[in-house]
Amino acid sequence: MKALITGSAGFYGKHLCAELEENGYEVIRCDLKAEDNIISMDIMNSDMVLDIISQHRPDVLVNMAGQANVGLSWKKPQLTVQLNTIGLINILEVVKNVNPKMRVIAIGSSDEYGNLKERGANVVEEMPVSPMTPYAISKQAQEQFALLYNKYFGMNVCMVRQFNLGGAGQAKGFMISDFASGIVEIERGQSEYLSVGNLESARDFTHVKDACCAIRLIAEKGHTGEVYNICSGYTHTAQEVLDKLISMAKVQIEVRQDPARMRPSDTPVVRGNHDKLTSHTGWNPKMNLDEIIKDALDFWRAY
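Be aware that the sequence shown starts at 46, since it is given in this note's numbering, and climbs by one per residue.
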């Protein structure tokens, strides 16, 4: 099997390439910047997308390129929609003409569900979506175009709604990575305290390696035209995550709550349901929160 991965130099993309290669795939790595084993590919350049897909003709294409920062999406909504929505349309247009039977996997987000309130305790794919940020809207639009191409052109497309990820290599801007990097800064004497926000909300965290296994199984066994939640099915509060990280710290950690970060959550609990994914592919998460936290902390200590 041959797989082409856009956004292969990113956190999720790097781990996915490793997962696929470990399972016998030939992997074509693509990203904006060419490196030793990475091909330069700008998904906004239709001619470039056509040239690369026509040349390599993969069996599977996983689109991980895009703009994943929710805060930036408010500042640059045009860029966010261009990369996340138009970028996938460019890929789908090329695949439609080169090989419409190619398995295409579009990576979306649990943010597409919006503010779930009490419904957040069991989030299933059939739940109505209500995206509330430019980022979430761009991902929902991406998904709708993927479904459109599946329905009207018979294309072999699957969609993913990814819940919170963690593990080694995740950039700052995500809770576990922010906590872990902040603790390492205190260990190194670069900071005196850890600044935190609301610690009461509970979220569903999946180890990036488990998520990559899920993507591989969707590539192999997923049903065309389906949307799949990738999630652990368990929740942990921010306080629980923080307590576990502090217990692993090499020094005493002072925690200060920052009023600017103290935004109340409209959805106190978000727990994903992966029953459909498990039924269709046999996937189940294998790694727990402790392993996510340890890998994140080890990464920042070595960074």
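Don't be surprised by glycine CBs; every beta carbon is placed ideally from N, CA and C.
Taking the alpha carbon of residue i as the point to measure from, which residue in the options has its own alpha carbon closest?
{"i": "K146", "options": "T269, S154 and F56", "result": "T269"}
{"i": "Q100", "options": "W119, L61, Y57 and N144", "result": "N144"}
{"i": "S155", "options": "Y70, D249, V149 and V94", "result": "D249"}
{"i": "N129", "options": "M46, F190, K295 and V314", "result": "F190"}
{"i": "M46", "options": "D288, E67, H60 and G58", "result": "E67"}
{"i": "S183", "options": "T125, T280 and S226", "result": "T125"}
For residue i, I'd like the list of residues in its chain whose CB is within less than 6 angstroms of its CB, leaving aside the five on either flank, ordered along the chain.
{"i": "L262", "result": "T326 and W328"}
{"i": "Y238", "result": "E299 and R301"}
Whole angstroms are fine: how far does the CA of residue j sit from the CA of residue i?
{"i": "A264", "j": "G111", "result": "20 angstroms"}
{"i": "R316", "j": "G242", "result": "20 angstroms"}
{"i": "E245", "j": "E163", "result": "15 angstroms"}
{"i": "Q187", "j": "L193", "result": "10 angstroms"}
{"i": "G116", "j": "M109", "result": "19 angstroms"}
{"i": "F198", "j": "I298", "result": "56 angstroms"}
{"i": "F344", "j": "G214", "result": "6 angstroms"}
{"i": "A247", "j": "E171", "result": "22 angstroms"}
{"i": "T178", "j": "A166", "result": "21 angstroms"}
{"i": "I88", "j": "V296", "result": "45 angstroms"}
{"i": "P103", "j": "N142", "result": "14 angstroms"}
{"i": "V105", "j": "P122", "result": "29 angstroms"}
{"i": "V107", "j": "N209", "result": "19 angstroms"}
{"i": "F219", "j": "E285", "result": "16 angstroms"}
{"i": "L65", "j": "E71", "result": "8 angstroms"}
{"i": "L133", "j": "A151", "result": "8 angstroms"}
Quick one: what does DSSP say residue i is sitting in, helix, strand or coil?
{"i": "Q207", "result": "strand"}
{"i": "L342", "result": "helix"}
{"i": "A48", "result": "strand"}
{"i": "S222", "result": "helix"}
{"i": "G227", "result": "helix"}
{"i": "D76", "result": "strand"}
{"i": "E64", "result": "helix"}
{"i": "N108", "result": "strand"}
{"i": "I88", "result": "coil"}
{"i": "S236", "result": "coil"}
{"i": "G317", "result": "strand"}
Taking CB distances under 8 angstroms as the criterion, tell me whether residue i reaches chain D.
{"i": "D303", "result": "In the structure shown, chain D does not exist; there is a single protein chain."}
Excluding the five sequence neighbours on either side, which residues of its own chain have a C-beta within less than 8 angstroms of the C-beta of residue i, listed in chain order?
{"i": "I83", "result": "S53, A54, R74, C75 and D76"}
{"i": "K321", "result": "V169, E170, E271, Y273 and N274"}
{"i": "S377", "result": "The structure shown has nothing for residue 377, since the chain only spans 46 to 348."}
Within its chain, find whatever has a CB closer than 7 angstroms to the CB of residue i; leave out the 5 residues flanking it on each side and keep chain order.
{"i": "S85", "result": "L77, K78 and A79"}
{"i": "A341", "result": "G211, G212, A213, Q215, I221, S222 and A225"}
{"i": "D255", "result": "P330, K331 and M332"}
Identify every run of the beta strand (DSSP E) within the segment 115-193, keeping only runs that are complete inside it and at least 3 residues long; order them along the chain.
Those beta strand (DSSP E) runs which fall completely within the segment 115-193 and span 3+ residues are 148-154.
Contained alpha helix (DSSP H) runs [length at least 4] in the segment 244-314, N- to C-terminal order:
Within the segment 244-314, the runs of alpha helix (DSSP H) at least 4 residues long that lie entirely inside it are, in chain order, 253-266 and 283-292.
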